[in-house]
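In our numbering, the protein residues as written are 17 to 255. Glycine included, C-beta positions come from ideal geometry on N, C-alpha and C.
Put into C-alpha cells, the structure is as follows:
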C-alpha cells in the first residue's frame, strides 16, 4: 500500500507540473506543483474512502478490504489524472479559460469537438457521475454515523446502530444521511447544480468530521478516556 501511494504521489506530482505548464505557467513554483498534486490525489482517493467505509460489511475483510483499497486507489487515481490531462489538452482556447472568459469550459470544449448535439448525451454522463459521487458520500457518512453510534457517541445511538436485513445494513444511518441530502436539495430551489457540486465536495469532510466530533463528545461525557489523545483531537477539530 505504501509503495502504491508513493508511486501515485510521484505520478501526481509529474502530472501537476505538466498541467501547470499547459495552463501557461512557464516555471511553476514548487508549492503550486505540490498543491495541484495534492488536489489530484485527494480526488483520486474517493473510491478508497468508500471501500474502507464498508469494511465491516464484507466477508473475510482482512483479505478483501486491502485488495479493494489498493485497486480503487490505483484505478481512480489513474482515471482522474488521465481525464484531467485529456480535458485540459482538449480545450480549444486555453488562455480564455484561464482568464475566466468561459462560463462553462467543459461544455464549450465538448461542443467545439463534437458539435452542439453532444450536450444532452453528456448530461446523462454527468448525472451518472454525480450519482456515483453522492452514493460514495452516502456510504462514507452513513457508516461513520453507524460506527459512532455503536460506541454511544451520538444522540439516538440505540436506533442508529441497529443492523437490519439479511445483509445487516445500518438502515437507520443510511436513512438519516438520505434525509440530510434531501434537505439540501429542497433548500437549493433552482440552484440544484451548485448543491450537487458542493455536496459531493463537502460530504467527505462531513464523513471525516463525524468521528472527530463523536470522539470529542464521548471524551467530554467520560465514556472514552485515552492517555494523550485529547490534544490531538483538539487539533483535528480545529483543522
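Problem - Continuous alpha helix (DSSP H) stretch holding residue 80: start and end - result: Run containing residue 80: 77-106, per the alpha helix (DSSP H) assignment.
Handout entry: Neighbour-count burial assignment, residue 198, 16 or more Cβ in a 10 Å radius
Key = Flag for residue 198 reads exposed.
Problem - For residue 173 and residue 233, believed in contact at Cβ under 8 Å, the rounded distance - result: Rounded, the Cβ-Cβ distance is 11 Å, inconsistent with contact.
Exercise for the section: Using 10 angstroms around the beta-carbon of residue 126, count the other beta-carbons present and answer buried if the total reaches 16, otherwise exposed. Expected result: Result: buried.
Handout entry: Identified DSSP bridge partners for residue 180
Key = In the DSSP secondary-structure assignment, residue 180 is bridged to 185.
Handout entry: Inter-residue spacing [alpha-carbon to alpha-carbon] between residue 87 and residue 144
Key = Cα atoms of residue 87 and residue 144: separation of roughly 21 Å, rounded to the nearest angstrom.
Exercise for the section: Measure the beta-carbon distance from residue 123 to residue 135 and round it to whole angstroms, keeping in mind my assumption that it falls under 8 Å. Expected result: Rounded, the Cβ-Cβ distance is 7 Å, consistent with contact.
Practice task
Could you spell out where the alpha helix (DSSP H) holding residue 121 opens and where it closes?
Solution key: Residues 121-130.
Handout entry: Contact belief for residue 190 with residue 158 at Cβ below 8 Å, rounded distance in angstroms
Key = Indeed, because the Cβ distance is near 5 Å, the residues count as touching under 8 Å.
Exercise for the section: Please state if the CB of residue 222 and the CB of residue 164 are separated by a distance shorter than 9 Å. Expected result: Contact check for residue 164 against residue 222 fails: the beta carbons are separated by 9 Å or more.
Practice task
Leaving aside the five residues before and after residue 252 along the sequence, list all residues of the same chain whose C-beta is less than 6 Å from its C-beta, in chain order.
Solution key: Same-chain partners within the cutoff: 228.
Handout entry: Extent of the continuous alpha helix (DSSP H) run through residue 140
Key = For residue 140, the enclosing alpha helix (DSSP H) has its first and last residue at 135-166.
Practice task
Compare the beta carbon distance of residue 177 and residue 184 with 9 Å and say whether it is the shorter of the two.
Solution key: No; because the gap between Cβ atoms is not below 9 Å, this pair is not in contact.
Problem - Cβ distance (whole Å) where residue 106 is taken to contact residue 129 below 8 Å - result: 6 Å between Cβ atoms; contact.
Handout entry: For residue 227, three-class secondary structure by DSSP
Key = When DSSP states are grouped into helix, strand and coil, residue 227 belongs to the helix group.
Handout entry: As assigned by DSSP and simplified to three states, the class of residue 171
Key = Here residue 171 sits in coil by DSSP.
Problem - Same chain, Cβ closer than 7 Å to residue 188, neighbours up to 5 away in sequence not counted - result: Within the same chain, 175, 176 and 178 come within 7 Å of residue 188 by CB-CB distance, once the 5 residues on both sides are set aside.
Exercise for the section: Tell me whether residue 160 is buried or exposed, calling it buried when 16 or more other Cβ atoms sit within 10 Å of its Cβ. Expected result: With 16 or more Cβ atoms within 10 Å of its Cβ, residue 160 is classed as buried.
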